[in-house]
Structures are given as structure tokens and as C-alpha cells.
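Structure first, commentary second.
Protein chains in written order, with our numbering: chain A, 1 to 256; chain B, 1 to 14.
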């Protein structure tokens, strides 16, 4: 049996909003670490990996590992019935046909109970090799979102160039070209607004902007995003939460 | 999707 109580339903709502345009039918894999998800998009260009750590739930009770096969459009409909500040409890049996979602307001005078039908989803899990990235850039997630939205107006793809001087996002399309360069800077008063670049060697890679714009839907989860790059491996875009993360991996464009 | 790599070719099947 699973019983997992989350202080704020808004956390799960934001996670689902962040990934539901990329992946549709997913398994929530529940084990001792927490509730995890790994799924590729239909075209197998991007992969999303999510973990809500068991420490983030109180209580988190699980008798045996279970996979909850969920259609995210359906889950979104049920989660719309919760207020962001509601306490959310997820409950499921050991071989579940349904997932129970219970929403309680903070005053504890309203309890809503929903049952979501589960699906059998046969999903392959990919092993993600441990990677020492050549460059790791942390920056405000809103800034990254703005850059992606701006550049997609000119082109389908963006070249990300990380060097000691900074990180340059550049694109070129039918109407012209554009670039945004961010220099490393440390905002002492507001650390979340800092741009930090950890670099072992310069990297230049090109990615599809359509996917990056999609990843940016996770900006509500964290004010900071980390981009990790190495030549010839997928880009890692990570949004860290208090007790968990949403990570997106994007295969680079090749032969450009 | 010309020139677009696939994620399967980087990560291994479990």
C-alpha cells in the first residue's frame, strides 16, 4: 500500500504542468526513494526524469514497490480540483487499479476525494551514464525562458557556446540572426539571480528550441535552472525543488 | 527533423 502526504498540492500540479506537453502516458514508480518518473517524448529526442523524494512527504508509507500507470491529461483534470495550498494525499493498493487523491484545505474543514483510473504502461527505462560535464551553467530560470522564447522567433535551433567569458545563445534563420550573451555574475543580495559558469573546457552545441521552450514550462518549480553540457552528449536541463528535481535531457543536433 | 539526434543512442537500455 502507498500513502504519501504532500503539504502543498501545488508542487505536484507544477510538476505535471512542466512535463505534460512532452510526455502523455507515464508510470509513477514508487519505491523507498520516493515517487519517480522517467519517460521519453514520442520522437525519442528528449527524456524527462523526475523525483519527488520520500523525505518531501509526511508520512511516506510504502509496503512494496509499485508502478502507477497514469495518463497525465487525466491527472491534470483531477489536480485542477485541488487548490495549490491544499494538503494532498496519494493512496494506492499494492496492485492498484486506481489512485486515490485526497485534497484537504489548511483549515481542515474541506476534504475532497477523487479516484483516478490507472493504466498498464509498458515503459522501457534507460540507464543514464554518470557524466562529468564540461560546462555547468546555473542561471535564473525566467532568464533562460525569455532567451528561448525570444530566439525561437528567429530560428528552430539555438547554439549554446560556453566559455570562460560567458555563455552565448545564438541563432540564425530566414529573417536574420540573434544572440544573447550572459556573463558570469554573482548577485549577493539575490543569489537566485546570479549566473554561474563552471567550466573544465569550452563547449559548443546546437539544440532544437522547440524542446527547450517546452522544458521552460518547469520554470514555476524553481527560480534557478542548471544547464550541463559536454560535447556530443545530451544537454541536461535541471530544475531542483526542495526535495526532488525535474531533469530534462535533450539530444543535440548533429552535423551542423 | 533533419540533423536531430535521438536520445536512445546516448543512453543504454536497462
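Every residue, glycine too, gets a C-beta built ideally from N, C-alpha and C.
With fewer than 16 other beta carbons inside 10 angstroms of its own, residue 55 of chain A counts as exposed.
Not flagged as an interface residue toward chain B: residue 160 of chain A, since no C-beta distance is shorter than 8 Å.
In this structure the region 172–180 of chain A touches the region 152–163 of chain A; the number of beta carbon pairs closer than 8 Å is three or more.
Counting only residues of its own chain and dropping the five nearest sequence neighbours on each side, residue 52 of chain A has a CB closer than 6 Å to the CB of 34, 35 and 244.
One alpha carbon belongs to residue 138 of chain A, the other to residue 195 of chain A, and they sit about 6 Å apart. Of A/134, A/159 and A/116, the smallest CA-CA separation from residue 200 of chain A is found for A/134. DSSP, reduced to helix, strand and coil, places residue 25 of chain A within a strand of the structure shown. For the 8 Å CB-CB criterion, residue 163 of chain A and residue 129 of chain A do not form a contact. When only Cα atoms are considered, residue 186 of chain A and residue 37 of chain A end up about 34 Å apart. Apart from the 5 residues on each side of it in sequence, residue 170 of chain A sits with its Cβ closer than 6 Å to the Cβ of 159 and 179 in its chain, given in chain order. Excluding the 5 residues flanking it on each side, residue 161 of chain A has same chain C-beta neighbours closer than 6 Å at 168 and 204, in chain order. At a cut-off of 8 Å between C-beta atoms, residue 154 of chain A does not count as an interface residue with respect to chain B.
Shortest Cα-Cα distance from residue 144 of chain A to any of A/103, A/101 and A/214 involves A/214.
For residue 23 of chain A, not one C-beta of chain B is nearer than 8 Å to its own C-beta. For residue 254 of chain A, the closest Cβ of chain B is nearer than 8 Å. Counting along the chain, residue 145 of chain A sits inside no beta strand (DSSP E); it lies in the alpha helix (DSSP H) bounded by residues 141–151. Spanning the alpha carbons of residue 8 of chain B and residue 41 of chain A requires a straight line of approximately 11 Å. Of the candidates A/183, A/223, A/198 and A/6, A/223 places its Cα closest to the Cα of residue 191 of chain A. Counting the other CB atoms within 10 Å of its CB gives residue 111 of chain A a total below 16, which places it among the exposed residues. Here residue 173 of chain A is not near residue 120 of chain A, since their CB atoms are 8 Å or more apart.
Judged by DSSP in its simplified three-state form, residue 55 of chain A adopts helix. Take residue 149 of chain A, set aside five residues on each side of it, and the residues of its chain with a beta-carbon closer than 7 Å to its own are 213, in chain order. Beta-bridge analysis with DSSP links residue 114 of chain A to A/101. Per DSSP, the beta bridge partners of residue 248 of chain A are A/48 and A/237.
Contact check for residue 13 of chain A and residue 82 of chain A: beta-carbon distance about 7 Å, within the 8 Å limit, so the pair qualifies. Look at residue 12 of chain B here: in three-state DSSP terms it is strand.
Within chain B, the residues whose beta carbon sits less than 7 Å from that of residue 249 of chain A are 7, listed in sequence order.
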